[in-house]
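What follows is a single structure, written as structure tokens, with notes after it.
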Amino acid sequence: MSNQVSKSTKNIFDGFTFGKLLTEGRAFIALAVIIVVFASLSPNYLNLSNVIVMTRHVGLNALLAIGMLLVILTAGIDLSVGSTVGLSGVLAGFMLMQGIQIPGTQTVLYPSVWVIVVLCLGAGALVGLLNGVLITRFKVAPFITTLGTLYVVRGTALLIAKGETFNDMTGKPELGNTGFHVLGLGKFLGLPTGVWVMIVVALVTALLLTKTVFGRWLYALGGNERAAELSGVPIKRVKIWVYTLSGICAAATGLIIASELTAGAPQTGQSYELNAIAAVVIGGAALSGGRGHIRGTLLGAFVIGFLGDGLVIVGVSSFWQMVIQGAVIILAVALDEAQQGSKKKQKLAKVAAEK
Amino acid sequence: MSKSDLVLRAKKVRKEYGLTVALNDVDFDLVRGKVTTLFGENGAGKSTLMKILAGIERPTSGSLELDGKDISFDSSTEARANGISIIHQELSLAPNLTVRDNMFLGSEIRSLGSRVNYAAENEKVREIMKRLQHDIGPDEIVGDLRLGQQQIVEIARALASDARILIMDEPTSALSNVEIEILFTVIEDLKAHGVSIVYISHHLEEALHVADYIYVLRDSNMIATDEAKNVDLPGIVRMMIGRDGAGSTAIDQKTDQVVLELKNLTIADPANPARLAVDNFNLKVHAGEVVCLYGQMGAGRTELLETIAGRLSQISGQILLNGVDIATLSINSRIKAGVALVPEDRQRDGLVQLMTVGHNIALSSVGDFVKKFIMRTSPEVASIEQKIKDVRVKTSSHKSLITSLSGGNQQKVVIGKVLLTNPKAIILDEPTRGIDVGAKAEIFQLLSEQAKSGLAVLFATSEISEAMASANRIIVLSKGHVTAEMDPKKVSQSDVMAAADDKTSKLRIGAGA
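Sequence order for the protein chains is F and U.
Under this note's numbering, the first residue of the first sequence carries the number 1, and numbering increases by one thereafter.
Under this note's numbering, the first residue of the second sequence carries the number 356, and numbering increases by one thereafter.
Structure follows, in structure tokens:
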């Protein structure tokens, strides 16, 4: 009798299965649990407009997390993204409100919105490039490098804004720089622009990771840097690109936030880097590099976003919110370790069986 | 030897790592107050046996007997408590700690509960250093010491534990001649005090010189044991490799076309930039030729090969591939130009463990499968499967994880990766390290086939039988210099080994004896 029971459980766990779903798709399970729990606690939780609002929040973190995933795949880390979010919003505000004065003249240029967007993304790319160059050429550890640029970039944003916030970033029709709000407040097919940006960036990055040489190099580099280097992978170039892309993602996030609020505050984005790291890690990526994918990272961002917003809707105190969010991150990674361990055991058992 | 003189006996000791047998029911006796030397080629099982004696590894089966009583150790600390100490082949010191802290690590002298008695420890360090005739202070940081001095600390640590049995695994590899002479005096002194010593060294003459008894391991089996006075060096070499100067099986398919040419190549030692790893090296490798670079550890083989591949850079000299100097190119460009390295340490430098067999094979040539930025799967898979067939990797699918393969098959994957880049010259560093005998033969068969199709092959090894059996030409390297260039068909193994043994060591032994 007991034999039969154990046999049937074994079958469940062998094929496509509940057990597999629990471990492989643990971010997915976590998300399902979160949705079920909050939907039962609050009738408004699953209402369409709330879901869209939550997804908009998720989109911001997801954008940062996608950039962070690229960095983490190389066994690096980028702590500077939160500051870059702030810098990007402030730069947009500055160019929109005060324009660019041509040196030596009285002429002030007011760039149109798309130029502002390109310049802000360029600024984010520059921050990333700086990180990448420091890490590859000057051999400063990624943690230290990006911790340093975290302060430098935040300070720069505060200096540019003189500590103030650029409010009412709508532009003036006579200057031809209106329309900034579209990025954050515009909608297409019922979804906010920010969500579309997330979808497009996620698709492009997924393609980059799975279908291009760059993606293959990225995984190889994170899996074994020495072997990748000896196999001819240009590891310095790949790393510089990865940090640059992360910087661009951060700048895009900053633009969307500034557009949503039609305000650019230099303090925006503080500790956002930690949310991004959490999303990547919950999504199954290894901080030691070489393991992780877009699908997981997106799920991770949804877990964090839906959990955070759910806690707010249900009315949990913000102190408890922090405790719960922290616990979820640890739980997710602990599950991951357990899964890796059991995979290794299975492999050993397989080798022994072949013998 | 009378039975009462036996301190330690290993009886039918067997050790298996997964599928490979590292020791096959080996017997080993150690006599009180004598030096017993253990001979054997790389991978014969010497270090494994020593680790079992020192409690670092546990035997799969078999027993140990100490002073006539059965004993088994769960840890090296336990072995140390029973008077067995080991000086490791690879230094096992904590470079950030002081000499004193290293010497007493895990067996600190204590006073009043758990407080360390530094004064007593310092006193003991000074006493031991005096015995070793070195003035290394107890408070010096180990990382600041020269490699040779670090080895002295390693020896001092073993002495500090008042060992009755001392295992020395390559104790002299980083020592100067004077230091080795001092070590030999210390060994005599230890013998007089009744300490039994197991001695292992690549310097065969040196090892035979200090030995009272000898044992020979070959392919995990104990082949012979005798008193040292009854054997000579050629006899030991014969026992180690199982035959006397087996002729080369390499086919002579050399052409006149020079593919790889090294001119006056001089390379600094990456561990110690003040020293030269390779000094003014010249070599021509022809299409169709298999050239072996034979030498001991530290001869400069790895440094030379890594410089050709582009990981290290030379101080001066040229690396010509079909007449074009590639010495300043990046690793990537050198691979494209047609020269690629199969590194010595497969796990550290050869494979990406998280990737599949196929992705590892394609790693160096992924760029070839790109069309409009996107990698095309079908040509990639076709190439991968062709290579799996060419190099005879035993795997269920190219999608299997690389870690699911045996060592020999993993090595074939690394070779497959290099061959997929369509190289003109392929260089291999210890290509058969840590793989079983069958796979070794297959790999050299493979190299011979590749040479036949016009490739220039250069491989480095420290295993004499490999050098003799697989190469058209042997370049002997010792301390960064070429000491001989030989045709394996015309010389004996002892000739090659004699050329590789650095000359200074002979002088030293003459002086010591």
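Cβ coordinates follow ideal geometry from the N, Cα and C atoms, glycine included.
Note that this is a predicted model, so its numbers are computed, not measured.
What whole-angstrom Cβ distance do residue i and residue j have, given they're in contact under 8 angstroms?
i	j	result
F:A276	F:L73	At roughly 14 angstroms, the Cβ-Cβ gap does not stay under 8 angstroms, so F:A276 and F:L73 are not in contact.
U:A629	U:E658	U:A629 to U:E658, Cβ: 14 angstroms. No contact.
F:A92	F:M169	7 angstroms
U:E495	U:T453	6 angstroms
Evaluate residue i with the Cβ neighbour count: other Cβ atoms within 10 Å of its Cβ, from every protein chain shown; 16 or more gives buried, anything less gives exposed.
i	result
F:E337	exposed
U:P786	buried
F:F188	exposed
U:P843	buried
U:P734	exposed
U:H641	buried
U:D704	buried
F:S8	Low confidence applies here, because F:S8 scores a pLDDT of 37, under 50, leaving its location unreliable; read the following figure in that light. Classification of F:S8: exposed, given that the 10 Å Cβ count is below 16.
U:P493	buried
U:R689	buried
F:T105	exposed
U:H548	exposed
U:E543	exposed
U:N619	exposed
F:I102	exposed
Check whether chain F comes within 9 angstroms of residue i, counting only Cβ atoms and requiring the distance to be less than that.
i	result
U:V721	yes
U:I830	no
U:I690	yes
U:L696	yes
U:K772	yes
U:A737	no
U:V707	yes
U:A474	no
U:S440	no
U:I686	yes
U:V565	no
U:R656	no
Say whether chain U places a C-beta atom closer than 9 angstroms to the C-beta of residue i.
i	result
F:T212	yes
F:L158	no
F:R291	yes
F:N47	no
F:G222	yes
F:G269	no
F:P234	yes
F:E273	no
F:E229	yes
How far does the beta strand (DSSP E) with residue i in it extend, from its first residue to its last?
i	result
U:K618	613-624
U:F383	375-386
U:G417	416-421
U:K366	361-372
U:M841	836-841
U:I569	568-573
F:V117	No beta strand (DSSP E) holds F:V117; the alpha helix (DSSP H) holding it covers 113-137.
U:I426	424-426
U:L393	390-394
Quick check on DSSP: helix, strand or coil for residue i?
i	result
F:F166	strand
U:R306	Shown here, chain U extends from 356 to 868; a query on residue 306 of chain U therefore has no answer.
U:K406	helix
U:H548	coil
U:H558	coil
U:G468	coil
U:D517	coil
F:Y219	helix
U:A601	Confidence at U:A601 is low in this model, with a pLDDT of 43, below 50, so the placement of that residue is unreliable and no value is reported for it.
F:M95	helix
U:D581	strand
U:I441	strand
F:R291	coil
For residue i, report the span of its alpha helix (DSSP H) as first-last.
i	result
U:K691	686-692
F:L158	142-161
F:Y243	235-261
U:G672	Unbroken run through U:G672 is the beta strand (DSSP E), 671-676; no alpha helix (DSSP H).
Quick check: does the Cβ of residue i come within less than 8 angstroms of any heavy atom belonging to the ligand MN?
i	result
U:R387	The ligand MN is not part of this structure, which contains no ligands at all.
So which residues of chain A does residue i contact, with C-beta pairs closer than 9 angstroms?
i	result
F:Y219	Within the model displayed, chain A is absent; protein chains F and U are what it includes.
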